[in-house]
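Novice: Okay, here's the structure, questions in a sec.
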Amino acid sequence: MTSSLSFRPIDAGWTLRASAGPAPGGLTDAVAAVVPGCVHTDLLAAGLIPDPFLDDNESALAWIGLVDWTYATTFPWTKDAADRTDLVFEGLDTVTTILLNGRAVGSTANQHRSYRFDVRDALVEGDNELVVRFRSPVKYANEQSVALGVRQRPYPLPYDAIRKSACSFGWDWGIATYTSGIVKPVGLESWSVARLAQTRVVAAPDGDGGTITVDVELERSRHDPVVVTVRVGGVETSGSLAGDDTTTTVTLSLAEVERWWPVGYGAQPLYDVEVELVAAADGMVLDRTARKVGFRDVRWDMTPDEAGTPFTLVVNDQPVFVKGVNWIPDDALTVRVTRDRVRRRFEQALDANLNLIRVWGGGLYESDDFYELADELGLLVWQDFLFACAAYAEEDPLRSEVEAEARENIVRLGHHASLVLLTGNNENLWGYEDWGWKLRLDGKTWGAHYYYELFPALVAELAPHVPYAPGSPFSPGMGWDGQTQTGPHPNDEQHGSMHLWEQWNRRDWHTYREHTPRFVAEFGWQGPPAWSTLVRSVSDAPLTPESPGMIVHQKAMEGNTKLSNGLIPHFRMPEAMEDWHWAMQLNQALAVRTALEHFRSWAPHTQGAIVWQLNDCWPVTSWAAIDGDERPKPLYYGLKNAFAPRLATIQPRDGGLAAVLVNDTAEPWSGGFVARRVGFAGDELARFETPVSLSPRETVTVSLPADVAVAADLASELVVAGVDDVRGFWFFAEPRDSALGAAEVEVHAEPVADGTRVTLTASTLVRDLTLLVDKVDADAVASDALVTLLPGESATLIVRHDGDGLAASALSDPRVLRTANELVAS
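Numbering (this note's numbering), first residue to last: 122 to 947.
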């Protein structure tokens with residue numbers, strides 16, 4: 122008689138010890154370990170190490186990556202009637218030898234895939250000992266770099282030589298943790314006859330209906346006939362497999378389905394697809410799995426036009442302006458990232474008017490929770506294959522590991538409605554052309570086979586409905602002839618996707634306006650984390666921009682110099698630490714907001730911008746909008762405002778000024794457009810009015826007449842233009858060169874159900890008013906920031922927090938109520 126598949130987790134009784142390497146005394150003794158987990162979290166729980174995120178504990182704990190670690194447990198087992206019993210590891214970080222009852226049953230060298238070992242012959246009745254021995258990731262990577270040949274990368278340690286999250290070795294925003302651990306569930310899976318080794322589900326709309334296609338690949342222990350049954354709602358269909366068959370395709374049609382749409386374009390209906398593998402002889406269920414799918418078409422329009430080659434996302438035949446952010450692992454100790462934590466990040470993204478998350482190639486293929494939540498919430502996902510900023514060997518053992526991980530993750534992710542692009546790498550095509558690799562590689566392989574041959578072939582085989590691009594940035598028409606890349610330059614702004622980093626690295630942020638790319642996949646500006654996050658993680662006394670802990674928590678090359686160089690054209694350098702902190706946060710927000718408004722003003726020529734970056738993995742000065750303690754920075758509100766569904770922005774055009782109105786909604790937008798040139802005291806100096814009418818998803822440019830667009834006094838005038846309460850501002854002079862005086866703001870606060878309603882009334886011109894509410898309540902979050910008010914105007918926002926309402930006196934404290942004014946006025 123057959124028995125159905127069962128899974129028994131091995132998640133209890135684990136211990137951890139240092140087995141070789143420079144561990145401090147005492148760590149050779151076993152300590153309790155949590156599985157899934159990692160070395161750092163276990164040592165933290167045991168009180169054996171300090172928090173690696175605080176002060177300079179990073180360097181104090183660098184020895185962890187040089188140690189070989191051993192996990193061990195015992196578990197009972199009783200022989201059953203199953204044909205097979207497999208030891209299944211969903212994820213191991215990274216290089217291991219696995220022993221069961223003293224017998225080596227497997228080895229691993231890839232964090233980005235799962236492993237399965239037939240261990241039935243190694244199991245014994247009663248207690249069984251399972252040991253997982255981890256090699257030092259630093260030592261292994263160095264060994265493999267020598268074996269494969271040293272290749273180009275931006276950081277010292279050879280993350281390119283090991284299939285492990287690149288940023289675990291440190292990045293220009295990331296702590297070097299060199300983690301090891303059993304990072305995903307492990308257990309015994311018993312099964313008979315056959316199991317579902319691979320299940321690929323595709324939902325395709327067809328008129329008012331849709332089709333579900335399920336491709337199944339079996340692993341067998343017997344040659345018995347089996348049946349695959351697929352159910353969606355009340356509809357069911359089956360396919361039979363004879364005793365020697367291991368693959369089949371089952372197709373199911375639905376007469377009516379609802380389309381899945383990105384957020385801002387419609388609803389996100391999802392359909393449950395149930396797949397069962399049944400023994401033909403007796404009807405016993407041998408295995409089952411399920412997927413949630415959404416019906417939508419997706420493509421990227423790269424049809425050449427008179428300006429070059431667009432890179433336009435089209436969902437259900439609707440062009441989508443991508444409002445995106447880049448995503449890094451949300452915690453450097455990735456085992457701590459829960460479904461709830463991902464949901465919090467995604468809800469913040471939605472609140473900031475974002476519609477796409479790009480999973481960057483130096484991190485991870487994220488958890489199932491990540492993609493499931495994206496499906497549910499309508500957030501589009503662009504997933505890089507995990508290659509970043511380096512040349513990668515194409516020889517074994519790396520080559521076969523790359524193919525294995527790619528196969529597994531294409532299959533795992535391919536059914537998700539949110540997945541709209543798979544990309545071969547981050548910046549490697551660009552690096553090969555412009556970063557001196559060709560000379561230093563001297564004929565070595567660098568990854569072209571993966572990006573131009575292997576990955577497109579695997580996507581075509583396993584998920585042909587998912588679009589693929591060889592890299593980011595990437596220009597359509599590029600190729601590889603075996604010796605050189607052909608076609609346009611990978612970072613050509615008139616073709617495909619572009620990365621813009623010259624502004625941060627060498628130029629002022631106003632120069633974003635010199636570029637009109639078809640699509641921007643990376644750009645950004647640095648700023649420090651929220652004040653509460655900063656003082657929790659850095660205990661320097663005195664705390665200064667260059668004090669020791671601050672430098673540890675600033676990973677960018679010449680980061681503070683670039684912060685200063687980027688600030689001084691706009692504001693004078695503050696001396697006090699809290700003023701410096703606010704100035705750098707504000708300048709970060711202004712830089713990115715300026716760029717986003719510029720890019721949006723060129724739609725549909727430009728059809729998307731993906732900001733570097735949404736999140737942080739620890740407390741650090743970085744490009745993130747949400748810091749490592751989950752607090753939004755002023756940049757977050759810059760994204761929220763610049764990505765608003767309806768936008769009015771004032772831009773230089775043809776030697777003058779124009780107002781650009783952007784209607785990224787499904788409804789028409791019409792009204793009276795008003796543009797005014799006003800003095801800083803609020804006096805109107807010139808006025809222009811005209812009716813405007815915008816169709817859904819339309820961008821309209823309104824040229825401003827000279828009496829509005831030309832100032833009599835550059836230092837004390839601005840232009841305000843828009844429709845109703847959707848308006849933009851243009852200042853003729855930089856703040857540091859302007860007549861901006863002290864901010865005078867009346868604060869009124871009243872408690873409401875979820876916090877405090879705050880009304881801000883200005884009696885002077887106030888630029889970019891922001892409440893740094895974490896200084897009042899570390900958990901408080903404001904609904905808006907970067908608010909500009911003319912004299913006499915008011916704005917209302919909500920500060921969300923627990924407990925009683927916040928006092929107006931606390932919110933009006935000059936440490937809390939910040940504006941651009943005090944960075945100008947003496």
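For each residue, glycine too, the CB sits at the ideal point set by N, CA and C.
Name the two residues that bound the continuous beta strand (DSSP E) containing D472.
Specialist: It is not in any beta strand (DSSP E) - D472 instead sits in the alpha helix (DSSP H) that spans 460-472.
Novice: Assuming contact is defined by CB atoms lying nearer than 7 Å, are P450 and P306 in contact in what I supplied?
Specialist: No.
Novice: Where does D408 sit, in a helix, a strand or coil, going by DSSP?
Specialist: If DSSP states are grouped into helix, strand and coil, D408 belongs with the strands.
Novice: Report the rounded CA-to-CA distance for S124 versus Y492, giving the unit in angstroms.
Specialist: The predicted position of S124 is uncertain, since its pLDDT is 49 and thus under 50; no value can be drawn from it.
Novice: How would you write the range of the alpha helix (DSSP H) that K761 sits in, first residue to last?
Specialist: Here the alpha helix (DSSP H) through K761 covers 755-763.
Novice: Identify the continuous alpha helix (DSSP H) that holds G670 and give its terminal residues.
Specialist: First-last of the alpha helix (DSSP H) with G670: 669-673.
Novice: Can you tell me whether A832 is buried or exposed? The criterion is at least 16 other CB atoms within 10 Å of its CB, across all chains shown.
Specialist: Flag for A832 reads buried.
Novice: What's the call for Q734, buried or exposed, on a 16-neighbour Cβ count within 10 Å?
Specialist: Q734 comes out buried.
Novice: What do you get for L169, buried or exposed, if any count of 16 or more other CB atoms within 10 angstroms of its CB means buried?
Specialist: Exposed: under 16 other Cβ atoms inside 10 Å.
Novice: For a test of the three-state rule: what should DSSP assign to F720, helix, strand or coil?
Specialist: Residue state, collapsed to three classes: helix.
Novice: Is the beta carbon of W198 closer than 7 Å to that of N249?
Specialist: Taking 7 Å as the Cβ cut-off, N249 and W198 qualify as a contacting pair.
Novice: May I ask which residues mark the beginning and end of the beta strand (DSSP E) holding V394?
Specialist: Counting along the chain, the beta strand (DSSP E) containing V394 begins and ends at 392-400.
Novice: Report all residues from its chain with a CB closer than 7 Å to the CB of W723; omit the five preceding and five following residues, and keep chain order.
Specialist: Cβ neighbours of W723 beyond the five flanking positions: T637.
Novice: Just to confirm my understanding: we take V271, look at its own chain, exclude 5 residues before and 5 after, and list those with CB closer than 8 Å. What are they?
Specialist: Correct list, in chain order: P279.
Novice: Of all the options A864, Q615, A874, A411, which has the alpha carbon lying nearest to the alpha carbon of E914?
Specialist: Considering only alpha carbons, the answer is A864.
Novice: Under the assumption that W421 contacts N447 (Cβ atoms under 8 Å), give the Cβ distance between them as a whole number of angstroms.
Specialist: Actually they do not touch by this definition, with Cβ atoms about 18 Å apart.
Novice: Kindly provide the ranges of any alpha helix (DSSP H) runs that are 4 or more residues long and lie completely inside the segment 694-744, ordered along the chain.
Specialist: Taking only runs of at least 4 residues, the alpha helix (DSSP H) segments lying wholly in the segment 694-744 are 698-722.
Novice: Ignore the nearest five residues each way along the sequence and tell me which others in A400's own chain have a CB closer than 7 Å to its CB.
Specialist: Correct list, in chain order: T123, V314, D345, V347, L407.
Novice: Note down the Cα distance separating T811 from D293, rounded to an integer number of angstroms.
Specialist: If I take the Cα positions, the gap works out to 48 Å.
Novice: Can you give me the Cβ contacts of V155 inside the same chain, cut-off strictly under 8 Å, excluding the 5 residues immediately before and after it?
Specialist: Correct list, in chain order: W135, T162, D163, A166.
Novice: Extract the residue ranges of the alpha helix (DSSP H) inside the segment 603-657, only unbroken runs of 4 or more that lie entirely within it.
Specialist: 623-626, all fully within the segment 603-657.
Novice: Does the contact criterion of 3 or more C-beta pairs under 8 Å hold for the segment 851-864 versus the segment 883-902?
Specialist: Enough Cβ pairs lie closer than 8 Å, so yes.
Novice: For R774, which of K761, L760, P826 has the nearest alpha-carbon?
Specialist: Checked all of K761, L760, P826; the closest Cα to R774 is P826.
Novice: Please determine, among A578, E529, A590, the residue with the shortest C-alpha to C-alpha distance to L550.
Specialist: Residue A590 is the option with its Cα nearest to L550.
Novice: How would you call L534, buried or exposed, if buried means at least 16 neighbouring beta carbons within 10 angstroms?
Specialist: The residue in question, L534, is buried, as its Cβ has 16 or more Cβ neighbours within 10 Å.
Novice: What does a CB cutoff of less than 6 Å around A141 pick up in its chain, not counting 5 residues either side in sequence?
Specialist: Closer than 6 Å at the Cβ level, and outside the excluded window around A141, lie D189.
Novice: Name the two residues that bound the continuous alpha helix (DSSP H) containing Y236.
Specialist: Run containing Y236: none in the alpha helix (DSSP H); it sits in the beta strand (DSSP E), 236-239.
Novice: By the 10 Å Cβ neighbour count, where 16 or more other Cβ atoms means buried, how is Q604 classified, buried or exposed?
Specialist: With fewer than 16 Cβ atoms within 10 Å of its Cβ, Q604 is classed as exposed.
Novice: Please work out which residues of its chain come closer than 6 Å, Cβ to Cβ, to M619, disregarding the five sequence neighbours upstream and downstream, and give them in chain order.
Specialist: P594, N612, P638, V641, listed in sequence order.
Novice: Does the segment 796-815 come into contact with the segment 749-763, if we say contact requires no fewer than three beta-carbon pairs (one atom in each stretch) closer than 8 Å?
Specialist: No, the segment 796-815 is not in contact with the segment 749-763.
Novice: Relative to the alpha-carbon of S743, which residue among L938, F290, V252, G645 has its alpha-carbon at the smallest distance?
Specialist: Checked all of L938, F290, V252, G645; the closest Cα to S743 is G645.
Novice: Thinking C-alpha only, which one of V253, L175, A230 is nearest S194?
Specialist: At residue 194 the sequence reads Thr, which differs from the Ser that was named. Of the candidates V253, L175, A230, the one whose C-alpha sits nearest the C-alpha of T194 is V253.
Novice: Quick one: is M599 buried, meaning 16 or more other Cβ sit within 10 Å of its Cβ, or exposed?
Specialist: That one is buried.
Novice: Below 8 Å on the Cβ atoms is my guess for A931 versus V879; work out the distance and round it to an integer in Å.
Specialist: Their Cβ separation, rounded to whole angstroms, is 11 Å, which puts A931 and V879 out of contact at 8 Å.
Novice: DSSP state of W312, grouped into three classes?
Specialist: Residue state, collapsed to three classes: strand.
Novice: Whole angstroms is fine: what's the gap from V840's alpha carbon to E788's?
Specialist: The alpha-carbon atoms of V840 and E788 are separated by roughly 28 Å.
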